[in-house]
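Chemist: Read in order, the letters of the sequence shown are residues 1 to 222 in UniProt numbering. This is the structure I want to talk about, given as structure tokens.
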Amino acid sequence: GEATRGRCAASAKSAYSRFEWTDHWFPVAWARDLPLDEPTRVSVLDEDFCVVRRGAGRSPIALRDACPHRLAALSEGRLTEQGLVQCSYHGWTFDGTSGECVSIPQIVRSAPPAAPFVPPARACADAVACQIVDGLFWIHLTAKRAEDAPHPIPRVPEMSMAGYKHVGAVRDFPIDFSLLVENVLDPDHGLFAHQAVGFDLYSASAERPLIVEVCGADGGAD
């Protein structure tokens, strides 16, 4: 009745208000599309990140795309033979898994060469958790390590099951994401726009019957 519908609507509203966009995993590229051992810029929620698909058995790395020295883009830098990210501006070098600065060439030390390098406290880059799962390169915007993420990476079981094939593709839309989401959730245009494999517009027809099935009230949506 009305009371149940009201409780469902209130619950849905409460859950929506608690959703934190930055507290989740985001797929930023098909891993195979990222050049091996080369820093690459990707953007998530209007924020730039430097990601690297490393070879030689090394794990992938991701950092916010700004060197702490002069905010130069780390994605314009290089990967050293040791698998470290080096800024192309002044050569500051970072451990991509932790963000720790491991070298500042401009610092002249009077101590013996054997003395450990201790970077200034503010010299660390901002590393974020990342993983390659189901062929996709994922990053987490707040967790520093994958095990610290409050939610697991969402999986599609069929992508790793025998007998299934998947085709990876990337398509850029010069629109706000909300417009695309609205289009995907719109059930009424499919009959006229997507009747054939490959979304052949010219095979669509208004002559086919539009069957509408109304489900019961659930979560306040009739």
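From the three backbone atoms N, C-alpha and C, an ideal C-beta is built for every residue, glycine too. Nothing here was measured: the structure is a model prediction, and the numbers come from that model.
#1: So, residue 68 versus residue 52, is the Cβ gap smaller than 8 Å?
#2: Buried or exposed, going by whether 16 or more other CB atoms sit within 10 Å of the CB of residue 156?
#3: Just how far apart, CA to CA, sit residue 36 and residue 175?
#4: Who are the near neighbours of residue 65 in its chain, counting only those whose CB is closer than 6 Å to its CB and skipping five residues on each side?
#5: Should residue 140 go down as buried or exposed, given a rule of 16 or more other Cβ atoms within 10 Å for buried?
#6: Any Cβ of chain D within less than 8 Å of the Cβ of residue 93?
#7: Could you compute how far the alpha carbon of residue 101 sits from the alpha carbon of residue 215?
#8: Residues in its own chain within less than 6 Å of residue 104 by CB, not counting five upstream and five downstream?
#9: Is it right to say residue 21 is buried, meaning 16 or more other beta carbons lie within 10 angstroms of its own, or is it exposed?
#10: DSSP three-state call for residue 146: helix, strand or coil?
#11: Expressed to the nearest angstrom, what Euclidean distance is found between the alpha-carbon atoms of residue 168 and residue 30?
Modeler: Reading it off the structure:
#1: Locating residue 68 in the sequence shown gives position 68, where the first residue counts as 1. Locating residue 52 in the sequence shown gives position 52, where the first residue counts as 1. No, Cβ-Cβ distance for residue 68 and residue 52 is not below 8 Å.
#2: Working through the sequence shown from its first residue, we reach residue 156 at position 156. Classification for residue 156: exposed.
#3: Position 36 of the sequence shown, counted from the start, is the residue given in the question as residue 36. Position 175 of the sequence shown, counted from the start, is the residue given in the question as residue 175. Distance between the alpha carbons of residue 36 and residue 175: 30 Å.
#4: Against the sequence shown, residue 65 aligns to sequence position 65. Correct list, in chain order: 41, 48, 49, 50, 73, 74 and 75.
#5: Position 140 of the sequence shown holds residue 140. With 16 or more other Cβ atoms within 10 Å, it is buried.
#6: Of the protein chains in this structure there is only one, and it is not chain D.
#7: Residue numbering aside, residue 101 sits at position 101 when the sequence shown is read from its first letter. Residue numbering aside, residue 215 sits at position 215 when the sequence shown is read from its first letter. C-alpha separation (whole angstroms): 57 Å.
#8: Reading the sequence shown from its first residue, position 104 is the one you call residue 104. Here the set comprises 92.
#9: The residue given as residue 21 occupies position 21 in the sequence shown. The residue in question, residue 21, is exposed, as its Cβ has fewer than 16 Cβ neighbours within 10 Å.
#10: Stepping through the sequence shown from its first residue, residue 146 is reached at position 146. Three-state DSSP puts residue 146 in a helix.
#11: For the purposes of this step, residue 168 is taken as residue 168 along the sequence shown, with counting starting at 1. For the purposes of this step, residue 30 is taken as residue 30 along the sequence shown, with counting starting at 1. Taking the straight line joining both Cα atoms gives about 7 Å.
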